[in-house]
Amino acid sequence: ALLLTGFTVYFIESRRIEAAIETSIANELAALRKFAPDKPVDTRLTSYLESSFPPKGTVVWAFKTDGTVAYVGQNVSELRKDPNFLQQVRARMESGGVIDLSSNETSYRVGILPVHAGEGRAALVVSVNTDEAFADLRDLMITYSLLAALSLMGVVSLSSLIAGRALAPLRERGDTAKAVAEGGLGDRMVITGKDDLADLQHTFNSMLDRLESAMVAQKGMLD
Numbered sequence: 007a008l009l010l011t012g013f014t015v016y017f018i019e020s021r022r023i024e025a026a027i028e029t030s031i032a033n034e035l036a037a038l039r040k041f042a043p044d045k046p047v048d049t050r051l052t053s054y055l056e057s058s059f060p061p062k063g064t065v066v067w068a069f070k071t072d073g074t075v076a077y078v079g080q081n082v083s084e085l086r087k088d089p090n091f092l093q094q095v096r097a098r099m100e101s102g103g104v105i106d107l108s109s110n111e112t113s114y115r116v117g118i119l120p121v122h123a124g125e126g127r128a129a130l131v132v133s134v135n136t137d138e139a140f141a142d143l144r145d146l147m148i149t150y151s152l153l154a155a156l157s158l159m160g161v162v163s164l165s166s167l168i169a170g171r172a173l174a175p176l177r178e179r180g181d182t183a184k185a186v187a188e189g190g191l192g193d194r195m196v197i198t199g200k201d202d203l204a205d206l207q208h209t210f211n212s213m214l215d216r217l218e219s220a221m222v223a224q225k226g227m228l229d
């Protein structure tokens with residue numbers, strides 16, 4: 007049950023985070039379509055960056071027609087210096103789209119919106135650090151795993167204690183049966199409670215009473 011709950015929580019939260027990333031990228035790209043459509047492309051992109059306040063882990067980039075790149079956001083040093091990122095974006099400045107890539111062992115999801123001005127090619131790019139987006143979920147699952155392990159230890163300890171107490175009459179019955187097998191008919195089980203096990207104890211004691219009476223009668227007849 008604990009494992010199933012953990013997997014369910016991870017699955018649901020993963021899908022929620024994935025949807026939040028997609029929504030964040032889509033909202034940023036959609037906002038540019040309505041932003042200052044009459045301005046020149048590079049001016050439009052620069053003004054949009056100046057008005058943007060991307061959340062943590064998200065960077066908004068402006069790939070301008072003159073080949074320069076501007077950005078707004080935090081922790082961009084890895085992508086800014088990664089030639090693969092620049093190459094992947096420039097290869098899609100005509101078609102656009104959403105891609106996944108890695109840079110320095112960090113995963114990113116990147117949305118690209120082409121912005122054309124005659125022969126010039128520009129693009130608004132939104133990159134989201136997916137590792138950072140999933141960091142809280144990883145911390146949550148680590149905490150859950152520790153709590154689940156402690157809960158399991160507590161359940162096992164408590165169930166062992168309860169099972170030990172519940173099975174004590176059965177162990178007593180086994181000891182009594184062993185004593186009878188060795189010839190001792192005077193032992194009786196202590197009847198505890200009023201459940202089915204108590205009925206079994208009473209029946210076992212009655213059987214011993216009848217057996218002892220039969221043995222006494224047999225001994226008297228032999229005497």
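Here the sequence shown stands for residues 7 to 229, where the numbers follow the numbering used here. Just so you know, even glycine gets a beta-carbon here, dropped at the ideal spot from N, CA and C. None of these values were measured; they are calculated from a predicted model.
Neighbourhood of residue 177 by C-beta distance below 8 Å, restricted to the same chain and skipping five residues each side: none
query: DSSP beta-bridge partners for residue 120?
result: The partner list for residue 120 (beta bridge, DSSP) reads 129.
query: Comparing alpha-carbon positions, which option in 132, 171, 57, 90 lies nearest residue 33?
result: Of the listed residues, the one whose Cα sits closest to residue 33 is 132.
field: C-beta atoms of residue 119 and residue 35 nearer than 8 Å
entry: yes
field: Endpoints, beta strand (DSSP E) assigned at residue 202
entry: Element bounds for residue 202: not the beta strand (DSSP E) but the alpha helix (DSSP H), 202-228.
field: Neighbourhood of residue 102 by C-beta distance below 6 Å, restricted to the same chain and skipping five residues each side
entry: Once the five neighbours on either side are set aside, the close Cβ partners of residue 102 are 118, 119, 120.
query: Could you give the distance in angstroms between the alpha-carbon of residue 108 and the alpha-carbon of residue 114?
result: One Cα belongs to residue 108, the other to residue 114, and the distance between them is close to 6 Å.
message: If I follow the unbroken beta strand (DSSP E) through residue 103, where does it start and stop?
response: 103-109
query: If you run the structure through DSSP and keep just helix, strand and coil, what is residue 151?
result: Residue 151: helix per DSSP, three-state reduction.
query: At which residue ranges does the segment 53-103 contain complete alpha helix (DSSP H) runs of 4 or more residues, listed in the order of the chain?
result: 83-86, 89-97
- request: With DSSP as the reference, please indicate the residues paired to residue 115 in a beta bridge.
  value: 106, 134
- prompt: Which residues mark the beginning and the end of the alpha helix (DSSP H) in which residue 140 is found?
  reply: First-last for residue 140: undefined, no H or E at that position.
message: For the alpha helix (DSSP H) containing residue 42, name the first residue and the last one.
response: Per DSSP, residue 42 belongs to no alpha helix (DSSP H) and is neither H nor E.
- request: State yes or no: is the C-beta of residue 37 within less than 8 Å of the C-beta of residue 50?
  value: no
- prompt: Does the segment 71-86 touch the segment 154-171, meaning 3 or more C-beta pairs lie closer than 8 Å?
  reply: The segment 154-171 makes no contact with the segment 71-86; the number of CB pairs closer than 8 Å stays below 3.
task: Would you mind giving the Cβ-Cβ distance between residue 134 and residue 63, rounded to the nearest angstrom? I have them listed as a contact below 8 Å.
output: 6 Å
Best match in 172, 116, 140, 137 for proximity to residue 129 [C-alpha to C-alpha]: 116
field: residue 250 vs residue 47 beta-carbon contact at 8 Å
entry: Only positions 7 to 229 of the chain appear in the structure, and residue 250 is not among them; the question remains open.
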